[in-house]
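Here's the structure we're looking at; comments come further down.
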Amino acid sequence: MPTTTNDNLKPAQGTSCWTGPQLAGSSSWIVEISDADRAAIKHALDASEGRDALSLTAADFPVGAFAENLAALRREAAFGTGFFLLRTGLGDLNEEQARRMIWGMGQYLGIPQIQDARRTLLHDVRDTGVDLKKQPDVRTYQTNEAQPFHNDGGDIFALLCRRQSTGGGRSLIVSAHTVFNEILRRRPDLAKVLTEPFYFDARGQALPGRPWYQALPIFQYYGGHWFVMYKRHYIDLAQRSDEIPRLTDAQIEAMDLLDELCDDPSFHLSFEMSPGDMVVGNNFTTLHARTAFTDPEPTSGEKRHMLRLWLGIEDGLALPPAFAETREFGPLFETTKRIAI
Ligand SMILES: [Fe+2]
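For what it's worth, our numbering labels the leading residue of the sequence shown as 16, then goes sequentially.
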């Protein structure tokens, strides 16, 4: 079994290390699908008409030769650059078609994972008018607030845009590996701090029998790979409890530097999602964010609407044992076979 070796801080290496400006000049991460592939997706939507999205297997959502492209994209998200933006051109999907499309394509990308204590497998991401600060079980995706850089659960996440807001709501993604390397270069002392445990608030979503907080490093080196787990909101919110230690000055300084680098346009990539676009990203090598947005009218029924899957990769990397305690990654230990190193 591999061991967690946080005392030996090595820079991350490989295709997961990139900067936004490097990618902004290339379209390698943007996948414009062909007319034939779009027709295949439409055919799959017709073939699955009337079916409950969550009952569909890949065979129930037949996309023909596009399946090979999805297999290659899956590898790119799981083991390469760590994300891609698929432009399907299908911008007029109704809610039920959008559910079948993300779920159906998700079947080719991985195994859907539960996303909360209610065991939801497919989440709607929209502003529900709730207040993150007043209700302890509210999560940021249920609000219109800016979402600072964080990762989701599962090996990879998939986010389909069904309807975009009229103002704001830009998507940002950064290579956590590149950011970690920069912290290691500038402040190795703070890089070390980030490999020590932090307490995260589970927002009422802890796994059964687990405490409402989780303590684990923001960066962990395990089995030859760096893994990130970061949600500053939830680390700060965990401080509401007297049961856990106060954040130290060094921890705060380390997170401030991490945030500063993620927010820096010379590190992150910024892009706009249009209806029909699906972004797929790696939760261990990238962090993502979105700017605040405004909906046309809170009750108009025309709100920004995204659908989200968390997916497990059958042949994914061996995971740090500390992840077993988390709601984001814990289910992966049971639903996927991991590579034995
Ligand atoms: Fe997210």
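For glycine and all other residues, C-beta sits at the position ideal for the given N, C-alpha and C. Note that this is a predicted model, so its numbers are computed, not measured.
query, result
"Nearest-angstrom beta carbon gap, R177 and G104 [assumed within contact, 8 Å]", "With a Cβ gap of about 14 Å, G104 and R177 do not count as contacting."
"Supposed contact pair P290 and Q179 - C-beta distance, whole angstroms, cut 8 Å", "6 Å"
"Proximal residues to F348 (C-beta, below 6 Å), its chain only, five neighbours per side dropped", "A339"
"Residues proximal to ligand 1 by C-beta, any heavy atom closer than 6 Å", "H165, D167 and H303"
"Residue interval of the alpha helix (DSSP H) (run including E211)", "It is not in any alpha helix (DSSP H) - E211 carries neither H nor E in the DSSP assignment."
"8 Å Cβ cutoff met for N298 and G169", "yes"
"Touch test, the stretch 228–241 against the stretch 204–213, Cβ-Cβ under 8 Å, three pairs minimum", "yes"
"Inter-residue spacing [alpha-carbon to alpha-carbon] between R66 and M293", "22 Å"
"G29 burial status per 10 Å Cβ neighbour count (16 or more: buried)", "exposed"
"Per-residue DSSP class, three states only, for D10", "Residue 10 cannot be examined here, being either before or after the span of the chain that is shown, 16 to 356."
"Distance, S41 Cα to T96 Cα", "13 Å"
"Three-state secondary structure assigned by DSSP to V78", "coil"
"Rounded straight-line distance, which links the Cα of F98 to that of W118", "18 Å"
"Same chain, Cβ closer than 6 Å to T341, five either side skipped, listed in chain order", "Q229"
"Stretch-stretch touch, CB-based, cutoff 8 Å, three pairs: the stretch 254–267 with the stretch 60–74", "no"
"Contact the stretch 273–286 vs the stretch 188–206: 3+ CB pairs below 8 Å", "yes"
"Inter-stretch contact at 8 Å, needing at least 3 Cβ pairs: the stretch 269–279 / the stretch 195–210", "yes"
"First through last residue of the alpha helix (DSSP H) which encompasses L124", "E110 to L124"
"Residue nearest to I328 in terms of C-alpha spacing, selected from P280, L124, H240 and R201", "L124"
"I328, enclosing beta strand (DSSP E) - first and last residue", "I328 -> no beta strand (DSSP E), and no H or E assigned at all."
"Same chain, Cβ closer than 6 Å to R89, neighbours up to 5 away in sequence not counted", "L124"
"Endpoints, the alpha helix (DSSP H) within which Y237 is located", "Premise fails: Y237 lies in the beta strand (DSSP E), F234 to Y237, not in any alpha helix (DSSP H)."
"Alpha carbon of L24 to alpha carbon of V243, nearest angstrom", "14 Å"
"Beta strand (DSSP E) runs contained entirely in the stretch 246–306, provided each spans 3 or more residues", "284–286, 292–297 and 301–305"
"Residue range of the alpha helix (DSSP H) that includes F348", "L347 to T350"
"Residue of D216, S256, V295 and F76 minimising C-alpha distance to L322", "V295"
"Reduced DSSP category for R200 - H, G, I as helix; E, B as strand; rest coil", "helix"
"Residue span of the alpha helix (DSSP H) that contains P36, given as start and end", "G35 to A39"
"Cα-Cα separation, A337 to Y237", "10 Å"
"Reduced DSSP category for T181 - H, G, I as helix; E, B as strand; rest coil", "coil"
"Residues bridged to Q162 [DSSP beta-bridge criterion]", "R305"
"Check whether L324 and G121 have beta carbons under 8 Å apart", "yes"
"Integer Cβ distance of R133 from H320, believed to fall under 8 Å", "Not confirmed; about 20 Å, so no contact."
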